[in-house]
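Residue numbers (the numbering used here): 554 to 951.
Just so you know, even glycine gets a beta-carbon here, dropped at the ideal spot from N, CA and C.
What follows is a short report on a single structure.
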Ligand code: SF4
Ligand code: SF4
């Protein structure tokens, strides 16, 4: 299960991407090993927000097109690209995102569909660790097969995002806000991610990572594009995440999602994976600008329950809104899972601007992720800086 195919890919020129994606999947047995004729196959992309493809916040459309064409060539009856982005799961919202991500003309030309089913269904999982009942998008529920097509990026909350985190987009629209509110710490949120994976089980047959142009720094939406030059593929979401994390020159076990995968028996503690294809070590970006995940778990064992909230406030990074640049669009206000943001008008002739109540803020960083104008920055206090003085030691030195 833990095989990861690695293929170099110099840019997003379509024939080059087609060849790289095919080579990666061929190393795993070819597309017919994952798709059967007559199936409805959903390609679960990362379509985070309405933005230019060049921002590198979303799976590049050439990678989606390459996978879609292969799946169609394997005889699939329908190939549907889907995601629930960071906003309402509605026709108007998602069609604007398909358009901004350059998917509309590609879908018409190649014969794949862009999901138009915006209904959702409740899932009951009494045996799950934390996600015992949650909503998922109906298009994923009714698919015969799902292929997870992801983007490799830094992420202010989780440290990185790739295959495992991409399935959070199975949760429709604003229900994600509710889930963030329910599963507040990264430890519990990690359990929820793997509960989602356990729900879908073998239906998610394959993961393909767009690691050609990635995002470094203030990901997942306000970082900087960074060339890595690879396409990855694996049946195993944890294995492909380990490979992606190594490309960012980070020790995989230092990422809470990987630590959680070890805890839940999804990978061994040495994070061993079997690499196929091109040499991954040659593609590692040694000076990749990483972020430290917001992991409160190590301290939670030593702090009394009654003090955990207060300690959490001072030991984690804070979202800070640049009031001068805030345009008052309310996106952060609408998506804050704990209603820690209010819109405040300071002068009569001014639009109300976002203001954070830090006593309520749970540091999920959804406001930073979703602000369309990049005016929410993640800032470290003195105590946080002192605690993380040694965190660079976690970076691999090769
Ligand atoms: S203010 Fe921002 S970081 Fe804090 S809980 Fe709300 S959305 Fe999350
Ligand atoms: S999303 Fe950004 S611009 Fe919009 S109200 Fe919030 S901080 Fe201001």
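### Task
Take residue 701 and list the residues in its own chain whose beta-carbon comes closer than 6 Å to its own, dropping the five residues that flank it on each side.
Taking the chain shown and counting its residues from 1, one reaches residue 701 at position 148. 597, 716, 719, 757 and 760.
### Task
Counting only the same chain and skipping the five closest in sequence on each side, list residues whose C-beta sits under 8 Å from that of residue 644.
As a first step, residue 644 must be located in the chain shown, where it is residue number 91. These residues qualify, in order along the chain: 669 and 671.
### Query
Cα-Cα, which of 780, 771 and 650 is closest to residue 707?
As a working note, residue 707 is residue 154 in the chain shown. Proximity to residue 707 across 780, 771 and 650 peaks at 771, based on C-alpha coordinates.
### Task
Locate the alpha helix (DSSP H) running through residue 673, then write down its first and last residues.
In the chain shown, the residue the question calls residue 673 occupies position 120. No alpha helix (DSSP H) holds residue 673; the beta strand (DSSP E) holding it covers 673-677.
### Message
By alpha-carbon positions, which one of 786, 806, 832 and 681 ends up nearest to residue 580?
### Response
By 1-based counting over the chain shown, the position of residue 580 is 27. Closest by C-alpha distance to residue 580, out of 786, 806, 832 and 681, is 786.
### Task
Name the two residues that bound the continuous alpha helix (DSSP H) containing residue 747.
As a working note, residue 747 is residue 194 in the chain shown. Membership of residue 747 in the alpha helix (DSSP H) is indicated by the continuous run 739-753.
### Query
In chain order, what residues of the same chain have a beta carbon less than 6 Å from the beta carbon of residue 875, not counting five sequence neighbours either side?
Here the question's residue 875 lines up with position 322 in the chain shown. For residue 875, where only same-chain residues beyond five positions count, the Cβ hits under 6 Å are 928.
### Query
So residue 570 packs on residue 830, CB below 8 Å; how close in whole Å?
On the chain shown, position 17 is the one that residue 570 refers to. On the chain shown, position 277 is the one that residue 830 refers to. The pair is not a contact, with the Cβ atoms about 15 Å apart (cut-off 8 Å).
### Query
Opposite residue 713 in the DSSP bridges: which residues?
Mapped onto the chain shown, residue 713 falls at position 160. Looking at the DSSP output, residue 713 sits in a beta bridge with 707.
### Message
At 3 residues or longer, what runs of the beta strand (DSSP E) sit wholly inside the region 889-924?
### Response
Complete beta strand (DSSP E) runs here, min 3: 894-897 and 906-909.
### Task
Starting from residue 663, follow the alpha helix (DSSP H) in both directions and report where the run begins and ends.
Taking the chain shown and counting its residues from 1, the one referred to as residue 663 is at position 110. Under the DSSP assignment, residue 663 falls in the alpha helix (DSSP H) whose first and last residues are 657-663.
### Secondary structure of residue 579, DSSP reduced to three states
The residue given as residue 579 occupies position 26 in the chain shown. Residue 579 falls in the helix class under three-state DSSP.
### Query
Would you call the region 729-740 and the region 644-654 in contact, with 3 or more CB pairs under 8 Å?
Judged by Cβ distances under 8 Å, the region 729-740 makes no contact with the region 644-654, as fewer than three pairs qualify.
### Query
Nearest CA to the CA of residue 627: which residue from 568, 885 and 698?
Along the chain shown, read from residue 1 onward, the residue named residue 627 stands at position 74. Ranking the options by Cα distance to residue 627, first place goes to 698.
#### Entry: Own chain partners of residue 949 with C-beta closer than 8 Å, once the 5 adjacent residues on each side are dropped
Counting from 1 along the chain shown, the entry for residue 949 is found at position 396. Since pLDDT at residue 949 reaches only 39, below the 50 mark, its modelled position is unreliable, and the value read off the structure follows with that caveat. Once the five neighbours on either side are set aside, the close Cβ partners of residue 949 are 799, 802, 803, 804 and 837.
### Query
What does a CB cutoff of less than 6 Å around residue 792 pick up in its chain, not counting 5 residues either side in sequence?
Taking the first residue of the chain shown as position 1, residue 792 is located at position 239. Counting only residues of its own chain and dropping the five nearest sequence neighbours on each side, residue 792 has a CB closer than 6 Å to the CB of 555, 557 and 826.
#### Entry: Inter-stretch contact at 8 Å, needing at least 3 Cβ pairs: the region 901-910 / the region 840-848
The region 901-910 makes no contact with the region 840-848, as fewer than three CB pairs between them are under 8 Å.
### When 712, 812, 735 and 685 are compared against residue 752, the one with the closest alpha-carbon
Working through the chain shown from its first residue, we reach residue 752 at position 199. Of 712, 812, 735 and 685, the smallest CA-CA separation from residue 752 is found for 685.
### Message
For residue 703 and residue 781, I'd like the C-alpha separation in whole angstroms.
### Response
Walking along the chain shown from the start, residue 703 turns up at place 150. Walking along the chain shown from the start, residue 781 turns up at place 228. Each residue's Cα considered, the two are about 14 Å apart.
### Task
May I ask you to verify whether the region 814-823 touches the region 584-595, counting CB pairs closer than 8 Å and requiring at least 3?
At 8 Å Cβ cutoff, the stretches do not touch.
### Task
Please determine, among 763, 739 and 714, the residue with the shortest C-alpha to C-alpha distance to residue 813.
Sequence index remark: in the chain shown, residue 813 carries index 260 (1-based). The shortest C-alpha to C-alpha distance from residue 813 to any of 763, 739 and 714 is the one to 739.
### Task
Within its chain, find whatever has a CB closer than 7 Å to the CB of residue 620; leave out the 5 residues flanking it on each side and keep chain order.
On the chain shown, residue 620 is found 67 positions in, with the first residue counted as 1. Hits under 7 Å: 574, 596, 700, 702 and 761.
### Task
Determine the direct distance from the alpha carbon of residue 901 to that of residue 612, and round the result to whole angstroms.
Here residue 612 is taken as the residue at index 59 of the chain shown, counted from 1. Here residue 901 is taken as the residue at index 348 of the chain shown, counted from 1. Straight across, the Cα-Cα distance linking residue 612 with residue 901 is about 42 Å.
### Message
Just to check my reading of the structure: residue 663 and residue 622 have Cβ atoms closer than 8 Å, yes? What is that Cβ distance to the nearest angstrom?
### Response
Sequence index remark: in the chain shown, residue 663 carries index 110 (1-based). Sequence index remark: in the chain shown, residue 622 carries index 69 (1-based). Residue 663 to residue 622, Cβ: 6 Å. Contact.
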